[in-house]
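Numbering (our numbering), first residue to last: 12 to 552.
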(Lines of atoms letter the chains of each structure in order from A; the text may use other names.)
(Lines give C-alpha, C1' and ligand atoms only; values in the text may rest on other atoms or scores of the structure.)
Protein backbone atom coordinates (compact mmCIF):
# COMPACT_ATOMS: atom_id res chain seq x y z
CA UNK A 12 0.00 0.00 0.00
CA UNK A 13 1.26 3.47 -0.88
CA UNK A 14 0.74 6.45 1.40
CA UNK A 15 1.61 9.98 0.46
CA UNK A 16 2.21 12.92 2.75
CA UNK A 17 -1.09 14.59 3.59
CA UNK A 18 -1.48 17.69 1.38
CA UNK A 19 -2.91 20.99 2.50
CA UNK A 20 -6.66 20.49 2.48
CA UNK A 21 -9.20 22.99 1.29
CA UNK A 22 -11.89 24.08 3.73
CA UNK A 23 -14.33 21.91 1.78
CA UNK A 24 -12.13 18.81 1.99
CA UNK A 25 -11.58 19.29 5.70
CA UNK A 26 -15.33 19.51 6.21
CA UNK A 27 -15.69 16.05 4.65
CA UNK A 28 -12.89 14.61 6.80
CA UNK A 29 -14.42 16.08 9.97
CA UNK A 30 -18.03 15.12 9.15
CA UNK A 31 -19.93 13.21 11.83
CA UNK A 32 -23.26 12.54 10.15
CA UNK A 33 -24.64 9.02 9.69
CA UNK A 34 -25.55 9.86 6.10
CA UNK A 35 -23.21 12.26 4.30
CA UNK A 36 -23.42 13.33 0.64
CA UNK A 37 -20.27 14.75 -0.95
CA UNK A 38 -20.95 16.62 -4.22
CA UNK A 39 -17.53 16.35 -5.85
CA UNK A 40 -17.20 18.25 -9.12
CA UNK A 41 -14.69 17.21 -11.80
CA UNK A 42 -11.10 16.97 -10.62
CA UNK A 43 -11.80 18.09 -7.05
CA UNK A 44 -9.80 15.32 -5.37
CA UNK A 45 -12.62 13.16 -4.06
CA UNK A 46 -10.49 10.01 -3.77
CA UNK A 47 -7.69 11.72 -1.86
CA UNK A 48 -10.32 13.27 0.40
CA UNK A 49 -11.84 9.85 1.10
CA UNK A 50 -8.37 8.44 1.82
CA UNK A 51 -7.87 11.13 4.46
CA UNK A 52 -11.36 10.46 5.80
CA UNK A 53 -10.34 6.82 6.30
CA UNK A 54 -6.96 7.72 7.82
CA UNK A 55 -8.79 9.84 10.39
CA UNK A 56 -10.72 6.70 11.46
CA UNK A 57 -8.06 3.99 11.89
CA UNK A 58 -10.21 1.91 14.25
CA UNK A 59 -13.19 1.72 11.91
CA UNK A 60 -13.72 -1.11 9.46
CA UNK A 61 -14.53 0.64 6.17
CA UNK A 62 -15.93 -0.63 2.87
CA UNK A 63 -15.16 1.42 -0.22
CA UNK A 64 -17.53 0.50 -3.08
CA UNK A 65 -16.07 1.32 -6.49
CA UNK A 66 -17.90 1.65 -9.80
CA UNK A 67 -15.76 -0.98 -11.54
CA UNK A 68 -12.96 -3.47 -10.94
CA UNK A 69 -10.09 -1.29 -12.19
CA UNK A 70 -11.08 1.59 -9.89
CA UNK A 71 -11.30 -0.82 -6.95
CA UNK A 72 -7.82 -2.17 -7.71
CA UNK A 73 -6.35 1.33 -7.94
CA UNK A 74 -8.11 2.39 -4.73
CA UNK A 75 -6.64 -0.59 -2.90
CA UNK A 76 -3.18 0.89 -3.47
CA UNK A 77 -4.20 4.24 -2.00
CA UNK A 78 -6.42 3.48 0.98
CA UNK A 79 -5.13 2.43 4.42
CA UNK A 80 -5.36 -1.16 5.63
CA UNK A 81 -8.64 -0.67 7.48
CA UNK A 82 -10.43 -0.16 4.15
CA UNK A 83 -11.64 -2.97 1.89
CA UNK A 84 -12.04 -1.86 -1.74
CA UNK A 85 -14.67 -3.81 -3.68
CA UNK A 86 -17.40 -3.56 -6.28
CA UNK A 87 -20.95 -4.63 -5.45
CA UNK A 88 -20.67 -7.30 -8.13
CA UNK A 89 -17.54 -8.76 -6.51
CA UNK A 90 -19.37 -8.94 -3.17
CA UNK A 91 -22.37 -10.54 -4.85
CA UNK A 92 -20.23 -12.96 -6.86
CA UNK A 93 -18.54 -14.28 -3.73
CA UNK A 94 -21.92 -14.93 -2.12
CA UNK A 95 -24.07 -16.03 -5.08
CA UNK A 96 -22.51 -15.44 -8.48
CA UNK A 97 -19.93 -18.24 -8.34
CA UNK A 98 -22.79 -20.74 -8.67
CA UNK A 99 -23.32 -19.44 -12.21
CA UNK A 100 -19.63 -19.20 -13.16
CA UNK A 101 -20.10 -21.43 -16.22
CA UNK A 102 -23.03 -19.50 -17.67
CA UNK A 103 -22.38 -15.82 -17.04
CA UNK A 104 -23.02 -13.32 -19.81
CA UNK A 105 -25.63 -11.38 -21.74
CA UNK A 106 -28.50 -12.93 -23.69
CA UNK A 107 -28.97 -11.62 -27.26
CA UNK A 108 -32.48 -11.14 -28.59
CA UNK A 109 -32.13 -13.80 -31.27
CA UNK A 110 -31.56 -16.51 -28.63
CA UNK A 111 -34.80 -15.51 -26.92
CA UNK A 112 -36.55 -15.57 -30.29
CA UNK A 113 -35.33 -19.11 -30.94
CA UNK A 114 -35.88 -20.43 -27.40
CA UNK A 115 -39.46 -19.16 -27.02
CA UNK A 116 -40.58 -18.90 -30.66
CA UNK A 117 -41.51 -15.22 -30.36
CA UNK A 118 -40.95 -12.17 -32.53
CA UNK A 119 -37.72 -10.20 -32.35
CA UNK A 120 -39.60 -7.20 -31.02
CA UNK A 121 -41.17 -9.13 -28.15
CA UNK A 122 -37.84 -10.76 -27.32
CA UNK A 123 -36.16 -7.35 -27.16
CA UNK A 124 -38.92 -5.92 -24.95
CA UNK A 125 -38.73 -8.91 -22.60
CA UNK A 126 -34.96 -8.53 -22.26
CA UNK A 127 -35.42 -4.86 -21.45
CA UNK A 128 -38.05 -5.76 -18.85
CA UNK A 129 -35.71 -8.27 -17.20
CA UNK A 130 -32.91 -5.69 -17.20
CA UNK A 131 -35.14 -3.08 -15.58
CA UNK A 132 -36.29 -5.60 -12.98
CA UNK A 133 -32.75 -6.66 -12.08
CA UNK A 134 -31.72 -3.07 -11.36
CA UNK A 135 -34.88 -2.28 -9.40
CA UNK A 136 -35.78 -2.95 -5.78
CA UNK A 137 -38.88 -4.93 -6.81
CA UNK A 138 -39.31 -8.60 -5.91
CA UNK A 139 -41.24 -9.61 -9.04
CA UNK A 140 -41.36 -8.69 -12.71
CA UNK A 141 -44.42 -6.61 -13.59
CA UNK A 142 -45.69 -4.03 -16.05
CA UNK A 143 -43.66 -1.46 -14.10
CA UNK A 144 -40.62 -2.89 -15.91
CA UNK A 145 -42.15 -2.67 -19.40
CA UNK A 146 -41.88 0.34 -21.68
CA UNK A 147 -44.59 2.77 -20.56
CA UNK A 148 -45.61 3.64 -24.11
CA UNK A 149 -46.23 -0.03 -24.88
CA UNK A 150 -48.45 -0.47 -21.82
CA UNK A 151 -50.56 2.50 -22.90
CA UNK A 152 -50.70 1.58 -26.58
CA UNK A 153 -51.10 -2.21 -26.41
CA UNK A 154 -52.03 -3.62 -23.01
CA UNK A 155 -52.32 -7.22 -24.23
CA UNK A 156 -48.84 -7.08 -25.76
CA UNK A 157 -47.48 -5.66 -22.49
CA UNK A 158 -49.03 -8.60 -20.61
CA UNK A 159 -47.37 -11.01 -23.06
CA UNK A 160 -44.01 -9.27 -22.59
CA UNK A 161 -44.27 -9.57 -18.79
CA UNK A 162 -45.09 -13.28 -19.10
CA UNK A 163 -42.12 -13.83 -21.42
CA UNK A 164 -39.82 -11.83 -19.13
CA UNK A 165 -40.79 -14.01 -16.16
CA UNK A 166 -40.08 -17.20 -18.10
CA UNK A 167 -36.80 -15.73 -19.33
CA UNK A 168 -35.67 -14.88 -15.79
CA UNK A 169 -36.48 -18.43 -14.68
CA UNK A 170 -34.35 -19.84 -17.50
CA UNK A 171 -31.47 -17.53 -16.60
CA UNK A 172 -31.49 -19.02 -13.10
CA UNK A 173 -31.66 -22.59 -14.43
CA UNK A 174 -28.11 -24.04 -14.44
CA UNK A 175 -29.05 -26.41 -17.29
CA UNK A 176 -30.46 -23.69 -19.55
CA UNK A 177 -28.30 -22.28 -22.39
CA UNK A 178 -29.66 -18.80 -21.61
CA UNK A 179 -26.91 -17.07 -19.65
CA UNK A 180 -27.09 -15.36 -16.26
CA UNK A 181 -26.39 -11.59 -16.49
CA UNK A 182 -24.00 -10.10 -13.94
CA UNK A 183 -26.85 -7.94 -12.67
CA UNK A 184 -28.77 -11.19 -12.17
CA UNK A 185 -26.62 -12.61 -9.38
CA UNK A 186 -26.41 -9.12 -7.86
CA UNK A 187 -30.22 -9.15 -7.72
CA UNK A 188 -30.31 -12.61 -6.12
CA UNK A 189 -27.79 -11.53 -3.49
CA UNK A 190 -29.61 -8.28 -2.71
CA UNK A 191 -32.87 -10.18 -2.25
CA UNK A 192 -31.20 -12.07 0.59
CA UNK A 193 -30.97 -8.74 2.49
CA UNK A 194 -27.30 -9.21 3.46
CA UNK A 195 -25.85 -7.38 6.45
CA UNK A 196 -22.48 -5.90 5.54
CA UNK A 197 -20.07 -6.14 8.46
CA UNK A 198 -18.53 -2.69 8.23
CA UNK A 199 -18.67 0.42 10.38
CA UNK A 200 -18.50 2.84 7.44
CA UNK A 201 -19.53 2.43 3.80
CA UNK A 202 -18.13 4.79 1.17
CA UNK A 203 -20.17 4.61 -2.06
CA UNK A 204 -18.14 6.17 -4.87
CA UNK A 205 -19.64 7.40 -8.17
CA UNK A 206 -23.00 7.49 -6.39
CA UNK A 207 -24.51 9.42 -9.30
CA UNK A 208 -24.30 6.27 -11.44
CA UNK A 209 -25.42 3.63 -8.98
CA UNK A 210 -28.53 1.56 -9.61
CA UNK A 211 -31.62 1.45 -7.35
CA UNK A 212 -30.87 -2.01 -5.98
CA UNK A 213 -27.31 -1.07 -4.97
CA UNK A 214 -28.46 2.13 -3.30
CA UNK A 215 -31.21 0.23 -1.48
CA UNK A 216 -28.70 -2.37 -0.28
CA UNK A 217 -26.32 0.31 1.03
CA UNK A 218 -29.05 2.39 2.66
CA UNK A 219 -30.35 -0.74 4.43
CA UNK A 220 -27.11 -0.94 6.45
CA UNK A 221 -28.59 1.07 9.32
CA UNK A 222 -25.75 0.04 11.64
CA UNK A 223 -23.14 1.82 9.48
CA UNK A 224 -22.21 5.37 8.58
CA UNK A 225 -22.84 5.90 4.86
CA UNK A 226 -20.93 8.43 2.76
CA UNK A 227 -22.19 8.96 -0.79
CA UNK A 228 -19.63 10.56 -3.08
CA UNK A 229 -20.17 11.68 -6.66
CA UNK A 230 -20.91 14.41 -9.14
CA UNK A 231 -24.59 14.53 -10.06
CA UNK A 232 -23.62 16.15 -13.34
CA UNK A 233 -21.52 13.14 -14.31
CA UNK A 234 -24.50 10.80 -14.29
CA UNK A 235 -24.23 9.26 -17.77
CA UNK A 236 -25.54 5.73 -17.35
CA UNK A 237 -29.29 6.26 -17.32
CA UNK A 238 -29.54 3.80 -20.22
CA UNK A 239 -28.32 1.16 -17.75
CA UNK A 240 -31.14 2.08 -15.35
CA UNK A 241 -28.69 3.97 -13.13
CA UNK A 242 -30.12 6.13 -10.36
CA UNK A 243 -28.52 9.45 -9.44
CA UNK A 244 -28.18 8.83 -5.71
CA UNK A 245 -26.74 12.32 -5.22
CA UNK A 246 -30.21 13.67 -6.02
CA UNK A 247 -32.28 10.84 -4.54
CA UNK A 248 -31.20 10.90 -0.88
CA UNK A 249 -31.92 13.37 1.90
CA UNK A 250 -28.52 13.49 3.60
CA UNK A 251 -27.86 14.75 7.13
CA UNK A 252 -24.78 16.56 5.82
CA UNK A 253 -24.20 17.72 2.25
CA UNK A 254 -20.78 19.08 1.37
CA UNK A 255 -19.61 20.36 -2.04
CA UNK A 256 -16.06 20.04 -3.36
CA UNK A 257 -15.71 22.82 -5.95
CA UNK A 258 -11.94 23.43 -6.16
CA UNK A 259 -10.58 21.46 -9.10
CA UNK A 260 -6.93 20.45 -9.00
CA UNK A 261 -6.97 19.29 -12.63
CA UNK A 262 -7.65 22.12 -15.06
CA UNK A 263 -7.19 25.84 -15.55
CA UNK A 264 -9.77 28.43 -14.55
CA UNK A 265 -11.07 29.02 -18.07
CA UNK A 266 -12.04 25.34 -18.43
CA UNK A 267 -13.74 25.62 -15.04
CA UNK A 268 -15.63 28.64 -16.38
CA UNK A 269 -16.91 26.64 -19.38
CA UNK A 270 -18.06 23.84 -17.07
CA UNK A 271 -19.81 26.27 -14.73
CA UNK A 272 -21.56 28.04 -17.62
CA UNK A 273 -22.77 24.74 -19.08
CA UNK A 274 -24.16 23.44 -15.80
CA UNK A 275 -25.70 26.73 -14.74
CA UNK A 276 -27.40 27.32 -18.09
CA UNK A 277 -28.79 23.84 -18.72
CA UNK A 278 -28.82 22.10 -15.31
CA UNK A 279 -29.59 24.98 -12.94
CA UNK A 280 -26.42 24.42 -10.90
CA UNK A 281 -25.70 27.26 -8.45
CA UNK A 282 -22.20 26.21 -7.35
CA UNK A 283 -19.22 27.80 -9.10
CA UNK A 284 -16.37 25.49 -10.09
CA UNK A 285 -12.92 26.87 -9.35
CA UNK A 286 -9.91 25.93 -11.49
CA UNK A 287 -6.15 26.24 -11.14
CA UNK A 288 -4.80 29.76 -11.44
CA UNK A 289 -1.36 28.49 -12.48
CA UNK A 290 -2.60 27.02 -15.79
CA UNK A 291 -3.06 29.15 -18.91
CA UNK A 292 -5.79 27.54 -21.00
CA UNK A 293 -5.64 27.34 -24.80
CA UNK A 294 -8.64 26.56 -27.00
CA UNK A 295 -6.79 24.40 -29.52
CA UNK A 296 -4.48 21.39 -29.46
CA UNK A 297 -0.94 21.10 -30.77
CA UNK A 298 -1.26 18.13 -33.13
CA UNK A 299 2.51 17.67 -33.11
CA UNK A 300 2.19 16.56 -29.49
CA UNK A 301 0.09 13.80 -27.94
CA UNK A 302 -3.57 14.58 -27.39
CA UNK A 303 -6.81 12.73 -26.66
CA UNK A 304 -9.76 12.69 -29.05
CA UNK A 305 -13.14 12.11 -27.38
CA UNK A 306 -16.27 11.16 -29.31
CA UNK A 307 -19.84 11.09 -28.06
CA UNK A 308 -20.55 7.74 -29.73
CA UNK A 309 -18.62 4.77 -31.10
CA UNK A 310 -19.80 5.71 -34.58
CA UNK A 311 -18.58 9.28 -34.09
CA UNK A 312 -15.24 7.96 -32.89
CA UNK A 313 -15.00 5.70 -35.94
CA UNK A 314 -15.56 8.71 -38.20
CA UNK A 315 -12.91 10.75 -36.37
CA UNK A 316 -10.44 7.87 -36.47
CA UNK A 317 -11.19 7.43 -40.18
CA UNK A 318 -10.07 11.01 -40.85
CA UNK A 319 -6.85 10.36 -38.96
CA UNK A 320 -5.80 7.11 -40.61
CA UNK A 321 -6.65 8.35 -44.09
CA UNK A 322 -4.61 11.51 -43.59
CA UNK A 323 -1.70 10.34 -41.43
CA UNK A 324 -0.51 6.94 -42.63
CA UNK A 325 2.09 6.43 -39.84
CA UNK A 326 0.10 7.86 -36.93
CA UNK A 327 0.03 5.56 -33.88
CA UNK A 328 -3.30 5.37 -32.04
CA UNK A 329 -4.19 4.22 -28.55
CA UNK A 330 -7.80 3.22 -27.88
CA UNK A 331 -8.87 3.37 -24.23
CA UNK A 332 -9.97 -0.15 -23.38
CA UNK A 333 -8.43 -1.53 -26.59
CA UNK A 334 -9.46 -1.36 -30.24
CA UNK A 335 -11.49 -4.58 -30.08
CA UNK A 336 -13.61 -3.33 -27.17
CA UNK A 337 -15.35 -0.79 -29.41
CA UNK A 338 -17.95 -1.47 -32.11
CA UNK A 339 -15.36 -1.37 -34.86
CA UNK A 340 -15.27 -5.14 -35.45
CA UNK A 341 -19.03 -5.12 -35.76
CA UNK A 342 -18.78 -2.25 -38.24
CA UNK A 343 -16.73 -4.55 -40.46
CA UNK A 344 -19.21 -7.40 -40.05
CA UNK A 345 -22.09 -5.07 -40.86
CA UNK A 346 -20.19 -4.00 -43.97
CA UNK A 347 -19.84 -7.63 -45.08
CA UNK A 348 -23.59 -7.97 -44.69
CA UNK A 349 -24.08 -4.83 -46.81
CA UNK A 350 -21.62 -6.13 -49.44
CA UNK A 351 -23.30 -9.56 -49.49
CA UNK A 352 -20.12 -11.26 -48.26
CA UNK A 353 -21.84 -13.08 -45.43
CA UNK A 354 -19.21 -15.85 -45.22
CA UNK A 355 -16.75 -13.31 -43.76
CA UNK A 356 -19.03 -12.27 -40.88
CA UNK A 357 -17.72 -13.38 -37.47
CA UNK A 358 -20.37 -12.04 -35.10
CA UNK A 359 -23.33 -14.47 -34.83
CA UNK A 360 -25.71 -11.66 -33.93
CA UNK A 361 -25.03 -10.17 -37.39
CA UNK A 362 -24.54 -13.34 -39.46
CA UNK A 363 -28.09 -14.45 -38.67
CA UNK A 364 -29.48 -11.67 -40.88
CA UNK A 365 -30.06 -12.53 -44.53
CA UNK A 366 -29.65 -8.98 -45.83
CA UNK A 367 -28.51 -5.51 -44.83
CA UNK A 368 -32.07 -4.27 -45.29
CA UNK A 369 -33.29 -6.84 -42.77
CA UNK A 370 -30.51 -5.68 -40.43
CA UNK A 371 -31.63 -2.05 -40.75
CA UNK A 372 -35.28 -2.98 -40.24
CA UNK A 373 -34.41 -4.96 -37.11
CA UNK A 374 -32.59 -1.95 -35.67
CA UNK A 375 -35.61 0.26 -36.18
CA UNK A 376 -38.19 -2.33 -35.11
CA UNK A 377 -36.34 -3.42 -31.97
CA UNK A 378 -35.11 0.09 -31.13
CA UNK A 379 -31.57 -1.31 -30.95
CA UNK A 380 -29.25 1.71 -30.73
CA UNK A 381 -26.15 -0.35 -31.49
CA UNK A 382 -27.59 -1.89 -34.65
CA UNK A 383 -28.89 1.48 -35.84
CA UNK A 384 -25.46 3.08 -35.30
CA UNK A 385 -23.74 0.25 -37.18
CA UNK A 386 -26.16 0.51 -40.09
CA UNK A 387 -25.72 4.28 -40.27
CA UNK A 388 -21.92 4.03 -40.24
CA UNK A 389 -21.82 1.39 -42.98
CA UNK A 390 -24.33 3.31 -45.07
CA UNK A 391 -22.09 6.38 -44.82
CA UNK A 392 -18.69 4.83 -45.59
CA UNK A 393 -19.74 1.80 -47.68
CA UNK A 394 -16.83 0.37 -49.71
CA UNK A 395 -14.27 2.32 -47.70
CA UNK A 396 -15.11 0.51 -44.44
CA UNK A 397 -12.59 -2.38 -44.78
CA UNK A 398 -9.71 -0.05 -45.68
CA UNK A 399 -10.54 2.31 -42.82
CA UNK A 400 -10.92 -0.57 -40.37
CA UNK A 401 -7.61 -2.19 -41.37
CA UNK A 402 -5.70 1.07 -41.15
CA UNK A 403 -7.19 1.82 -37.73
CA UNK A 404 -6.30 -1.62 -36.41
CA UNK A 405 -2.80 -1.45 -37.87
CA UNK A 406 -2.27 1.96 -36.28
CA UNK A 407 -3.24 0.77 -32.78
CA UNK A 408 -0.72 0.54 -29.96
CA UNK A 409 -1.62 -0.84 -26.51
CA UNK A 410 0.83 1.58 -24.90
CA UNK A 411 -0.44 5.12 -24.61
CA UNK A 412 3.03 6.62 -24.27
CA UNK A 413 3.83 5.31 -27.77
CA UNK A 414 0.73 6.87 -29.35
CA UNK A 415 0.34 10.21 -31.07
CA UNK A 416 -3.38 10.25 -30.28
CA UNK A 417 -5.55 8.57 -27.65
CA UNK A 418 -9.11 7.84 -28.77
CA UNK A 419 -12.09 7.19 -26.55
CA UNK A 420 -15.75 7.98 -25.98
CA UNK A 421 -17.23 10.28 -23.36
CA UNK A 422 -18.36 7.29 -21.30
CA UNK A 423 -14.93 5.65 -21.28
CA UNK A 424 -13.11 8.94 -20.70
CA UNK A 425 -14.75 9.35 -17.31
CA UNK A 426 -12.15 9.41 -14.55
CA UNK A 427 -9.28 10.09 -16.98
CA UNK A 428 -7.40 13.27 -17.87
CA UNK A 429 -4.97 14.54 -20.51
CA UNK A 430 -2.92 17.68 -21.08
CA UNK A 431 -4.64 18.18 -24.46
CA UNK A 432 -8.14 17.11 -25.49
CA UNK A 433 -10.04 17.49 -28.76
CA UNK A 434 -13.80 16.86 -28.78
CA UNK A 435 -15.50 15.37 -31.84
CA UNK A 436 -18.50 17.13 -33.33
CA UNK A 437 -21.08 14.46 -32.45
CA UNK A 438 -21.92 15.87 -29.01
CA UNK A 439 -25.27 17.56 -28.37
CA UNK A 440 -26.02 20.66 -30.43
CA UNK A 441 -26.34 23.86 -28.38
CA UNK A 442 -28.71 25.33 -27.55
CA UNK A 443 -30.55 22.01 -27.22
CA UNK A 444 -34.19 21.24 -27.97
CA UNK A 445 -36.69 21.88 -25.17
CA UNK A 446 -37.03 18.16 -24.43
CA UNK A 447 -33.29 17.43 -24.39
CA UNK A 448 -31.84 14.61 -22.31
CA UNK A 449 -29.86 16.13 -19.38
CA UNK A 450 -27.36 13.28 -19.65
CA UNK A 451 -26.25 14.71 -23.01
CA UNK A 452 -25.16 17.88 -21.19
CA UNK A 453 -23.50 15.67 -18.58
CA UNK A 454 -21.50 13.88 -21.28
CA UNK A 455 -20.35 17.19 -22.73
CA UNK A 456 -19.33 18.37 -19.24
CA UNK A 457 -17.42 15.12 -18.64
CA UNK A 458 -15.59 15.43 -21.96
CA UNK A 459 -14.62 19.10 -21.52
CA UNK A 460 -13.29 18.51 -18.01
CA UNK A 461 -10.90 15.73 -19.11
CA UNK A 462 -8.56 18.47 -20.38
CA UNK A 463 -5.90 20.03 -18.17
CA UNK A 464 -4.56 22.86 -20.34
CA UNK A 465 -5.59 22.65 -24.01
CA UNK A 466 -9.07 21.82 -25.29
CA UNK A 467 -10.58 22.04 -28.76
CA UNK A 468 -14.33 22.39 -28.26
CA UNK A 469 -17.03 21.14 -30.65
CA UNK A 470 -18.10 23.88 -33.03
CA UNK A 471 -21.60 23.98 -31.53
CA UNK A 472 -20.31 24.54 -27.98
CA UNK A 473 -17.73 27.10 -29.08
CA UNK A 474 -20.36 29.04 -31.02
CA UNK A 475 -22.86 28.92 -28.15
CA UNK A 476 -20.27 30.19 -25.66
CA UNK A 477 -19.21 32.99 -28.00
CA UNK A 478 -22.84 34.00 -28.63
CA UNK A 479 -23.42 34.19 -24.89
CA UNK A 480 -20.50 36.49 -24.20
CA UNK A 481 -17.87 34.01 -23.07
CA UNK A 482 -14.42 35.62 -23.12
CA UNK A 483 -11.99 33.29 -24.88
CA UNK A 484 -9.09 35.65 -24.27
CA UNK A 485 -6.47 36.98 -26.72
CA UNK A 486 -6.42 35.81 -30.34
CA UNK A 487 -3.35 33.59 -29.88
CA UNK A 488 -5.19 31.28 -27.49
CA UNK A 489 -8.50 31.20 -29.34
CA UNK A 490 -9.82 28.12 -31.12
CA UNK A 491 -9.00 28.10 -34.86
CA UNK A 492 -12.02 27.95 -37.11
CA UNK A 493 -10.96 24.80 -38.96
CA UNK A 494 -12.11 23.92 -42.44
CA UNK A 495 -15.20 21.74 -42.45
CA UNK A 496 -14.64 18.05 -41.68
CA UNK A 497 -16.09 15.47 -44.07
CA UNK A 498 -15.85 11.72 -44.38
CA UNK A 499 -12.41 10.80 -45.72
CA UNK A 500 -11.36 10.36 -49.28
CA UNK A 501 -14.37 11.25 -51.38
CA UNK A 502 -11.97 11.65 -54.29
CA UNK A 503 -10.95 9.58 -57.30
CA UNK A 504 -7.71 7.63 -56.93
CA UNK A 505 -6.05 9.89 -59.53
CA UNK A 506 -6.33 12.86 -57.20
CA UNK A 507 -5.76 11.02 -53.92
CA UNK A 508 -2.01 11.71 -53.82
CA UNK A 509 -2.61 15.41 -54.42
CA UNK A 510 -5.29 15.48 -51.73
CA UNK A 511 -3.01 13.72 -49.24
CA UNK A 512 -0.22 16.17 -49.93
CA UNK A 513 -2.52 19.15 -49.50
CA UNK A 514 -3.95 17.81 -46.24
CA UNK A 515 -0.50 16.99 -44.84
CA UNK A 516 0.70 20.50 -45.65
CA UNK A 517 -2.41 22.00 -44.07
CA UNK A 518 -1.78 20.02 -40.88
CA UNK A 519 1.86 21.08 -40.69
CA UNK A 520 0.70 24.67 -41.05
CA UNK A 521 -1.82 24.16 -38.25
CA UNK A 522 -4.81 24.89 -40.49
CA UNK A 523 -6.55 21.64 -39.65
CA UNK A 524 -6.25 19.11 -36.84
CA UNK A 525 -4.97 15.56 -37.25
CA UNK A 526 -8.52 14.33 -36.74
CA UNK A 527 -9.93 16.42 -39.61
CA UNK A 528 -10.00 16.38 -43.41
CA UNK A 529 -10.24 19.10 -46.02
CA UNK A 530 -13.64 19.60 -47.59
CA UNK A 531 -13.88 18.72 -51.29
CA UNK A 532 -15.03 22.29 -52.00
CA UNK A 533 -11.80 23.59 -50.46
CA UNK A 534 -9.76 21.29 -52.71
CA UNK A 535 -11.71 22.45 -55.75
CA UNK A 536 -10.97 26.09 -54.94
CA UNK A 537 -7.29 25.32 -54.38
CA UNK A 538 -6.93 23.45 -57.67
CA UNK A 539 -8.57 26.37 -59.49
CA UNK A 540 -5.98 28.70 -57.97
CA UNK A 541 -3.08 26.43 -58.96
CA UNK A 542 -3.80 27.05 -62.61
CA UNK A 543 -3.21 24.84 -65.65
CA UNK A 544 -1.80 21.37 -65.14
CA UNK A 545 -3.93 20.54 -62.13
CA UNK A 546 -7.26 18.78 -62.47
CA UNK A 547 -10.15 19.61 -60.19
CA UNK A 548 -10.98 16.68 -57.86
CA UNK A 549 -14.35 15.13 -58.48
CA UNK A 550 -16.61 13.10 -56.24
CA UNK A 551 -16.63 9.35 -56.56
CA UNK A 552 -20.02 8.10 -57.73
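Where a beta carbon is used, it is the ideal one built from N, C-alpha and C, also for glycine.
- Between residue 173 and the set 101, 442 and 118, the nearest pair of CA atoms involves 101.
- Put simply, of 363, 483, 374 and 282 the residue whose alpha carbon is nearest the alpha carbon of residue 41 is 282.
- In this structure residue 302 is in contact with residue 429, their Cβ atoms being roughly 7 Å apart against a cut-off of 8 Å.
- DSSP, reduced to helix, strand and coil, places residue 178 outside both helices and strands of the structure shown, so it counts as coil.
- For residue 400, same chain residues with a beta-carbon under 7 Å away, outside a window of 5 residues either side, are 339, 342 and 343 in chain order.
- Comparing alpha carbon positions, the residue from 227, 356 and 244 closest to residue 254 is 227.
- Counting only runs of 4+ residues, the alpha helix (DSSP H) found wholly inside the stretch 57-87 occupies 68-77, in chain order.
- Ranked by how close their Cα comes to the Cα of residue 263, the residues 460, 170 and 63 have 460 in first place.
- The residue from 285, 96, 347 and 132 with its alpha-carbon nearest to that of residue 394 is 347.
- Here residue 121 really is in contact with residue 160; their C-beta atoms are around 6 Å apart, less than 8 Å.
- At the C-beta level, residue 307 and residue 421 come within 8 Å of one another.
- The criterion of a C-beta distance shorter than 8 Å is satisfied by residue 435 and residue 305.
- For residue 166, the enclosing alpha helix (DSSP H) begins and ends at 154-172.
- Contact between residue 207 and residue 244 holds, with the beta-carbon distance rounding to 7 Å and staying under 8 Å.
- Judged by DSSP secondary structure, residue 113 falls within the alpha helix (DSSP H) whose first and last residues are 108-115.
- A distance below 6 Å between beta-carbons, with the five flanking residues on each side excluded, links residue 252 to the following residues of its chain, in chain order: 30, 32 and 35.
- Your pair residue 316 and residue 418 checks out as a contact, with CB atoms roughly 6 Å apart and the cut at 8 Å.
- Counting the other CB atoms within 10 Å of its CB gives residue 309 a total of 16 or more, which places it among the buried residues.
- Segment contact: the stretch 435-453 against the stretch 381-393, fewer than three CB-CB distances shorter than 8 Å; contact not assigned.
- Bounds of any alpha helix (DSSP H) do not take in residue 463; it lies within the beta strand (DSSP E) bounded by 462-467.
- Counting of Cβ neighbours within 10 angstroms places residue 125 among the buried residues, the total reaching 16 or more.
- Looking at the DSSP output, residue 229 bridges to 38.
- Cβ atoms of residue 71 and residue 85 come within 8 Å of each other, at about 6 Å.
- Counting along the chain, residue 255 sits inside no alpha helix (DSSP H); it lies in the beta strand (DSSP E) bounded by residues 252-256.
- Residue 210 sits buried, since 16 or more C-beta atoms from the chains shown fall within 10 Å of its C-beta.
- Where residue 404 is concerned, the enclosing alpha helix (DSSP H) starts and stops at 396-406.
- Rounded to whole angstroms, the gap between the alpha carbons of residue 107 and residue 402 is 30 Å.
- Between residue 376 and residue 119, the C-beta gap is smaller than 8 Å, which places the two residues in contact.
- The beta carbons of residue 258 and residue 285 sit about 5 Å from each other, so the pair counts as a contact at 8 Å.
- With respect to residue 453, residue 232 sits close: the two C-beta atoms are nearer than 8 Å.
- Around residue 224, the same chain offers 33 and 200 as residues with beta carbons nearer than 6 Å, after the five sequence neighbours per side are excluded.
- With respect to the C-alpha of residue 50, the residue from 432, 76 and 300 having the closest C-alpha is 76.
- With at least 16 other beta carbons inside 10 angstroms of its own, residue 425 counts as buried.
- A distance below 8 Å between beta-carbons, with the five flanking residues on each side excluded, links residue 358 to the following residues of its chain, in chain order: 340, 341 and 344.
- Within the same chain, Cβ atoms closer than 6 Å to the Cβ of residue 469 are found at 434, 436 and 438, the five residues on either side in sequence being excluded.
- Contact check for residue 489 and residue 481: beta-carbon distance about 11 Å, past the 8 Å limit, so the pair fails to qualify.
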